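In our numbering, the protein residues as written are 2 to 255.
Glycine included, each C-beta is placed from N, C-alpha and C at the ideal position.
No experiment lies behind these values; they were computed from the predicted model shown.
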Amino acid sequence: MLTGMFNTNECPYECEYSTDKNKYLNASAIVYYIRSEHLDLPKIRLPNQLYVFCLDEPPHYTFEFFKVLEKFLKINKYLYKDVSPDFFNISMTYRLDSDIYYPYDTFVPCNGECQLDEYWTEKEVMENVIRKTGLAMQVNSDCGRGVWIFQQDSAPAHKAKEVQDWCKANFPGFISAQEWPPYSPDLNPMDYSVWSILESRACAKPHKSLESLRHSLTREWDLITLKEVRAICENFSSRLRLCIKAKGGHFETS
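The structure is reproduced here in structure tokens:
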């Protein structure tokens with residue numbers, strides 16, 4: 002269980018978690034992570050034992066892993082007589098209709114009441130970063146298998162010598178501030194389009210409180226359509242051509 006994603010201090014139940022499969026007869030619930038293959042199912046299933054269908058993958062990949070589940074059931078039906086379509090009796094996914102809602106991501110306001118053991122101050126982060134000798138990055142399945150480039154905008158902090166030197170040392174293929182076009186936000190889909198959409202819709206009317214603005218941004222984020230996202234992606238290549246034509250300078254788009 003990824004207990005670090007939850008505030009277990011607020012949970013009224015004092016659960017014990019184990020990855021030792023030999024203890025399955027003592028478990029109230031067994032969590033099956035559907036992305037993995039399970040060819041060693043328990044030989045005995047207790048009548049009051051919950052089997053949890055757990056999937057923390059993004060929506061785009063959900064049906065891919067349902068195929069894995071289908072294969073899993075097909076393979077094991079010859080080995081275990083109790084494997085059936087109702088094998089699982091509890092669901093734990095990003096879907097709102099899951100028995101256990103396991104969101105892929107969410108907006109969480111920082112209201113000053115954070116648990117001290119779960120959040121670091123900026124000073125603590127910098128002290129730990131300075132001691133690091135290498136860089137580790139986690140890229141999940143929603144990131145695909147393509148080549149990734151970290152994009153920076155023209156904020157003064159991004160162009161500071163210390164930041165630039167650190168990026169050169171840690172990011173293969175890093176493009177320095179001197180090489181990057183001066184109007185780099187024009188080449189960042191989040192900057193040139195997504196944020197513009199959010200700003201125009203969420204801020205169409207003045208907000209009297211931070212909570213009102215947060216609610217409006219969250220609502221409009223959810224309302225951005227797949228058609229709009231595809232149009233933004235398709236527009237990217239034409240922007241690259243315009244940037245080259247302008248030799249890295251400012252360019253206008255229709």
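Using beta-carbon positions only, say whether Asn27 and Leu51 come within less than 7 Å of one another.
no
Selected residue, minimal CA-CA separation from Val53, among Asp87, Lys44, Asp41 and Asp21
Asp87
Assumed close pair Leu188, Cys244 - CB separation to whole angstroms, cut-off 8 Å
About 6 Å separates the two Cβ atoms, so the contact holds.
Can you tell me whether Thr94 is buried or exposed, with buried defined as 16 or more other CB within 10 angstroms of its CB?
buried
Short check: CB of Pro43 to CB of Tyr25, under 7 Å?
yes
Grab me the residues of Lys169's own chain with a C-beta within less than 8 Å of its C-beta, minus the 5 sequence neighbours each way, in chain order.
Phe175 and Ser177
Can the beta-carbon of Ser201 be found closer than 7 Å to that of Ile233?
For Ser201 and Ile233, no; Cβs fall outside 7 Å.
Close beta carbons around Ile284, own chain, < 6 Å, minus the five adjacent residues each side:
Since the displayed the chain opens at 2 and closes at 255, residue 284 lies outside it and no answer follows.
Taking all protein chains shown into account, do 16 or more other C-beta atoms lie within 10 angstroms of the C-beta of Ile131, making it buried, or fewer, making it exposed?
exposed
With DSSP as the reference, please indicate the residues paired to Ser92 in a beta bridge.
Phe54
What does the alpha-carbon distance come out to for the pair Arg46 and Leu241?
58 Å
Report the residue from Cys16, Glu17 and Leu56 whose alpha carbon sits nearest the alpha carbon of Tyr33.
Leu56
Please determine, among Leu211, Glu253 and Ala203, the residue with the shortest C-alpha to C-alpha distance to Leu218.
Among Leu211, Glu253 and Ala203, the Cα nearest to that of Leu218 belongs to Ala203.
So the candidates are Tyr184, Ala161, Gln165 and Asp41; which of them puts its Cα closest to the Cα of Gly249?
Tyr184
Report the partner residues of Tyr34 according to the DSSP bridge assignment.
Cys55
Beta-bridge pairing of Ile101 - partner residues as DSSP gives them
Ile101 pairs with Met93.
Range covered by the alpha helix (DSSP H) that runs through Thr219:
Leu211 to Leu224 is the span of the alpha helix (DSSP H), which, as asked, contains Thr219.
In this structure, how does DSSP classify Cys16 when only helix, strand and coil are distinguished?
In the three-state scheme derived from DSSP, where H, G and I count as helix and E and B as strand, Cys16 is classed as coil.
Can you grab the Cα-Cα spacing for the pair Phe237 / Trp167, in whole Å?
28 Å
Note down, in chain order, each residue of its chain lying with its Cβ closer than 8 Å to the Cβ of Lys246, except the 5 sequence neighbours on either side.
Phe252
Taking the straight line between their C-alpha atoms, what separation do you get for Asp223 and Ala156?
When only Cα atoms are considered, Asp223 and Ala156 end up about 28 Å apart.
Got a sec: does the ligand PLP put a non-hydrogen atom nearer than 6 Å to the Cβ of Met191?
With respect to the ligand PLP, the structure shown offers nothing to examine, as it has no ligands at all.
Closest residue to Trp196 among Glu221, Pro182 and Lys209 (Cα-Cα distance)
Taking Trp196 as reference, the option from Glu221, Pro182 and Lys209 with the minimal CA-CA separation is Glu221.
Does Leu3 come out as helix, strand or coil in the three-state DSSP assignment?
Confidence in Leu3 is poor, its pLDDT being 43 and thus under 50, which makes the residue's placement too unreliable to answer from.
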